[in-house]
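Asker:
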Amino acid sequence: MIETDPHRPPADPIAEGARARNQGRPRDACPYPLNSPERTEWFEGYDGAPADRAPDGPLDKG
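Those letters in the sequence shown? Residues 469 to 530, per this note's numbering, in order.
#1: Which same chain residues end up closer than 7 Å to T508 when comparing Cβ atoms and leaving out the 5 residues on each side of it in sequence?
#2: Excluding the 5 residues flanking E512 on each side, which residues of the same chain have their C-beta closer than 7 Å to its C-beta?
#3: Along the chain, where does the alpha helix (DSSP H) containing P481 start, and where does it finish?
#4: State yes or no: is the C-beta of A497 within less than 7 Å of the C-beta of A488?
#5: In whole angstroms, what is the alpha-carbon distance linking D515 and Y500?
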């Protein structure tokens, strides 16, 4: 079994953001500084969508 240090930032901010949402942590629990690439990636994982892509439109619109 691999030991991990809980105080060390994860290697993958996207995975950490997704894990935080899955654990019920609030969106403002992001540990990365404002305007950092890691913060953007963390929110991508938390929200489940790339930050540079517009949201999908409704499916009932043709």
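Beta carbons are placed, not taken as given, at the ideal position from N, Cα and C, and that holds for glycine. Small disclaimer: the values here were computed from a predicted structure and weren't measured.
Answerer: Checking against the coordinates, here is how it stands:
#1: In its chain, beyond the 5 residues on either side, A519 have a beta carbon closer than 7 Å to the beta carbon of T508.
#2: The beta carbon of E512 sits closer than 7 Å to the beta carbons of I482, G485, P518 and A519 from its chain, once the five residues preceding and following it are set aside; these are given in chain order.
#3: Run containing P481: P481 to N490, per the alpha helix (DSSP H) assignment.
#4: The answer is yes: Cβ separation under 7 Å.
#5: Answer to the nearest angstrom: the Cα atoms are 16 Å apart.
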